[in-house]
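**Q** Can you read through this structure? Questions will come right after.
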Amino acid sequence: MNDKEQMSLFNLTPSEVPLTELPQADRVAETLTDKKTARSPKNPSPAASTSVPVSEQFASLDDLRDVACNCQKCPLAHTRTNVVVERGDRKAKILIIGEAPGEQEDLSGLPFVGKSGQLLDKILESVGFDTNRDVYICNTVKCRPPNNRVPTEIEATTCKPYLLEQIRLVDPKIILLTGATSLKSILGVKLGITKVRGQWYEWEGRLVMPIFHPSYLLRNQSREQGSPKWLTWQDAKAIKAKYLEIIELKSGDAPALSDQSEGDFEKSAALSAQNPSVVSIEEDEEF
Ligand code: SF4
Numbered sequence: 053m054n055d056k057e058q059m060s061l062f063n064l065t066p067s068e069v070p071l072t073e074l075p076q077a078d079r080v081a082e083t084l085t086d087k088k089t090a091r092s093p094k095n096p097s098p099a100a101s102t103s104v105p106v107s108e109q110f111a112s113l114d115d116l117r118d119v120a121c122n123c124q125k126c127p128l129a130h131t132r133t134n135v136v137v138e139r140g141d142r143k144a145k146i147l148i149i150g151e152a153p154g155e156q157e158d159l160s161g162l163p164f165v166g167k168s169g170q171l172l173d174k175i176l177e178s179v180g181f182d183t184n185r186d187v188y189i190c191n192t193v194k195c196r197p198p199n200n201r202v203p204t205e206i207e208a209t210t211c212k213p214y215l216l217e218q219i220r221l222v223d224p225k226i227i228l229l230t231g232a233t234s235l236k237s238i239l240g241v242k243l244g245i246t247k248v249r250g251q252w253y254e255w256e257g258r259l260v261m262p263i264f265h266p267s268y269l270l271r272n273q274s275r276e277q278g279s280p281k282w283l284t285w286q287d288a289k290a291i292k293a294k295y296l297e298i299i300e301l302k303s304g305d306a307p308a309l310s311d312q313s314e315g316d317f318e319k320s321a322a323l324s325a326q327n328p329s330v331v332s333i334e335e336d337e338e339f
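Positions in the sequence shown are counted from 1; adding 52 to them yields my numbering.
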């Protein structure tokens, strides 16, 4: 995928759907406590289906993995090396959804293990999250599209039951949507990621925040205030704060945000900026 195609995923034009039509999560604690469902009545897309029929549900994530690893339901089955299902903690309270496997992911069978994944890990670590313990990571589609192209609508829709079942079985409190494709898959609407990133939305009784895809951050090395990296740092802090709020940890029960954490993030961002190979995304495409 070339630069132009990449940037098109971060549509800077006004959103096609007014933000007011998405359910805002301004009553978070109450919602999560009561397990209310707050599907937007105006949710307009059939791709926004939010559950799998009971008869087609999996009994466990192991069952899901077994079936997905032999899946032939869409054309991506013919070009993949491995089906990329998951990594992280299956009981995590935070679930992160990317777009599709890239080359490294296709070869390893694990999501977000290339340079983008390494940056994602650093972002999470900067606010005290351990990616093996605190998050569960998956993609919108489980097989790599040829040449890292964007998954087609049919591919995303065909693969979506696996994603919905992962969400049901992991049962996270927080879902992070990295980039435009996962945003569209879950919220069912086409929105400019720059418009909605950092905002909390409510989806099926869960908190959802769209964030920039790490690949986008690798292309945008500025750390100035207002830059994508700076904005992502603000998002990471907001995610950690909400996580602590949700699990009602008292002070001292979990790593607190600190100046040192921000320093770590800035340090990793600086290292990325100094390393030309990091911005060579042709070999590490996950969009
Ligand atoms: S992308 Fe999803 S639906 Fe398509 S073959 Fe892979 S697992 Fe099956």
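No residue lacks a Cβ here, since even glycine has one placed at the ideal position from N, Cα and C. Please read all numbers here as calculations on a predicted model, not as lab measurements.
If you reduce the DSSP assignment to three classes, tell me which class residue 126 lands in.
**A** In the structure shown, residue 126 sits in coil (DSSP, three-state: anything other than H, G, I, E or B).
**Q** First and last residue of the alpha helix (DSSP H) that includes residue 346?
**A** Since the first residue shown for the chain is 53 and the last is 339, residue 346 is missing from the structure and cannot be characterised.
**Q** Based on the DSSP output, what are the partners of residue 258 in its beta bridges?
**A** In the DSSP output, where bridge partners are listed per residue, residue 258 has 255.
**Q** Per DSSP, which residues does residue 228 bridge with? Please list them.
**A** Paired residues: 148, 261.
**Q** So, for residue 126: in the same chain, excluding its five sequence neighbours on each side, which residues have a beta-carbon less than 7 Å away from its beta-carbon?
**A** The residues are 206, 207, 210, 211.
**Q** Cutting at 6 Å between CB atoms, please list the residues of its own chain near residue 237, excluding the five before and the five after it.
**A** Only 192, 208 meet the Cβ criterion.
**Q** CB of residue 128 to nearest heavy atom of the ligand SF4: below 7 Å?
**A** The answer is yes for residue 128.
**Q** Between residue 266 and the rest of its own chain, which residues show a CB-CB distance below 6 Å, the 5 nearest in sequence each way excluded?
**A** Result list for residue 266: 168, 171, 172, in chain order.
**Q** Just reading off the alpha helix (DSSP H) that residue 117 is part of, what are its end residues?
**A** Counting along the chain, the alpha helix (DSSP H) containing residue 117 begins and ends at 113 to 120.
**Q** For residue 190, count neighbouring Cβ atoms within 10 angstroms of its own Cβ and tell me buried if that reaches 16, exposed if not.
**A** Label assigned to residue 190: buried.
**Q** For residue 140, name the three-state secondary structure that DSSP assigns.
**A** Three-state DSSP puts residue 140 in a strand.
**Q** Please state the DSSP three-state secondary structure of residue 242.
**A** If DSSP states are grouped into helix, strand and coil, residue 242 belongs with coil.
**Q** Please state whether the Cβ-Cβ distance between residue 178 and residue 293 is less than 8 Å.
**A** No, they are not a contact pair.
**Q** In angstroms, rounded to a whole number, what distance separates the CA positions of residue 228 and residue 216?
**A** Distance between the alpha carbons of residue 228 and residue 216: 14 Å.
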